[in-house]
Amino acid sequence: MDVDLIFKIAAIGIIVAVLNQVLVRSGREEQAMLTSLAGLIVVLFIIVAQISKLFETIKNLFGLY
Amino acid sequence: MLFSIVGLSLIAVSICLILKKTNPEFSMLVSLVAGIVIFAIIIGSIYPIFDVINKWTSDFNLNNIYISTVMKSLGICYLTQLASETCKDSGYSAIAIKIELTGKITIILMALPMFLDLMQIIQRMVYLN
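Heads up: the protein sequence lines correspond to chains A and B, in order. As numbered in our numbering, residues -14 to 50 make up the first sequence, in order. As numbered in our numbering, residues 1148 to 1276 make up the second sequence, in order.
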């Protein structure tokens, strides 16, 4: 659990945004949408791992079994 | 520790604003991750609070069930608020209200035995008068 996780996800977001613009300008709207979808899925995988860790921590901390 | 949290949250908000223009879903995800990271940083300072509370309950031999129920409801409140505030930030307050309703129902379900104890205590008091 470290701070650069936020910057990693921000970097993915910015790269996907730039790719999206480039693909849209060059006329390939479908690839643009697919690229942004792929970026979103990658970020979701990262976040799901962090959220499961958060739930484990809260269960242990507050005794929620 | 407070200063790092303040700085980190301001950076996270600025990143969310940058991402909001191009693709808003990433700004929601960045704010969610920022919340999780800040909670991970804060957790180190929560443990001593619980140790003191557990020591109190053992010293004054209070009934442990009540304190553990309070702790559980604290955890449920935190989780529910994390989810519902994220939904409200991204503009979907209908879903946020559903999450809060679920949290309230969970807490009430968990606190039912305490209501029964309370009723018995009141009954005993009324009986004595």
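We put the CB at the ideal spot given by N, CA and C, even for glycine. These numbers were taken from a predicted model, which means no experiment stands behind them.
Residue i: contacting residues in chain A (beta-carbon distance under 7 Å)
i       : result
K1251/B : Ordered by position in chain A, no residue passes the 7 Å Cβ test against K1251/B, which lies about 16 Å from the chain.
Any chain A beta carbon closer than 8 Å to residue i
i       : result
Y1225/B : yes
I1269/B : no
S1215/B : yes
I1281/B : Residue 1281/B lies beyond the range of chain B shown here (1148 to 1276); nothing can be said about it.
Chain A residues whose Cβ lies nearer than 8 Å to that of residue i
i       : result
K1219/B : F47, G48, L49
I1193/B : L46
Below-8 Å beta-carbon distance, residue i vs any chain B residue
i        : result
V(-12)/A : yes
V1/A     : yes
G(-2)/A  : yes
Neighbouring residues, chain B, relative to residue i (Cβ below 8 Å)
i       : result
I(-6)/A : F1173, L1176, V1177, V1180
Contacts that residue i makes with chain A (C-beta to C-beta distance below 9 Å)
i       : result
G1288/B : What is shown of chain B runs 1148 to 1276, which leaves residue 1288/B out entirely.
L1155/B : V(-12), I(-9)
Are there three or more Cβ pairs, one per stretch, closer than 8 Å when the segment 1177 to 1188 of chain B is compared with the segment 0 to 12 of chain A? Contact between the segment 1177 to 1188 of chain B and the segment 0 to 12 of chain A is absent, because fewer than three Cβ pairs lie under 8 Å.
At least three beta-carbon pairs within less than 8 Å, the segment 1256 to 1274 of chain B to the segment 1208 to 1223 of chain B: Pairwise C-beta distances place the segment 1256 to 1274 of chain B in contact with the segment 1208 to 1223 of chain B, as three or more of them are shorter than 8 Å.
Contact between the segment 1165 to 1172 of chain B and the segment -4 to 4 of chain A (3+ Cβ pairs under 8 Å): Yes, the segment 1165 to 1172 of chain B is in contact with the segment -4 to 4 of chain A.
Report yes or no: do the segment 32 to 49 of chain A and the segment 1217 to 1235 of chain B share at least 3 C-beta pairs separated by less than 8 Å? Look at the beta carbons and you see the segment 32 to 49 of chain A touching the segment 1217 to 1235 of chain B: at least three pairs across the two are nearer than 8 Å.
Output, in sequence order along the chain, the residues in the segment 15 to 44 of chain A whose CB is closer than 9 Å to any CB in chain B. Residues passing the 9 Å Cβ filter: S21, G24, L25, V28, L29, I31, I32, Q35, I36, K38, L39, F40, T42, I43, K44.
Under 8 Å, CB to CB, which of the residues in the segment 1160 to 1187 of chain B have a partner in chain A? Interface annotation for the segment 1160 to 1187 of chain B against chain A: I1162, I1165, L1166, T1169, N1170, E1172, F1173, S1174, L1176, V1177, L1179, V1180, A1181, I1183, V1184, F1186, A1187, criterion Cβ-Cβ distance under 8 Å.
Three-pair Cβ contact test at 8 Å for the segment 1219 to 1238 of chain B versus the segment 34 to 46 of chain A: Contact holds: three or more Cβ-Cβ distances are below 8 Å.
If you scan the segment 1176 to 1202 of chain B from start to end, which runs of the alpha helix (DSSP H) of 4 or more residues do you find wholly inside it? List check, alpha helix (DSSP H) in window: nothing returned.
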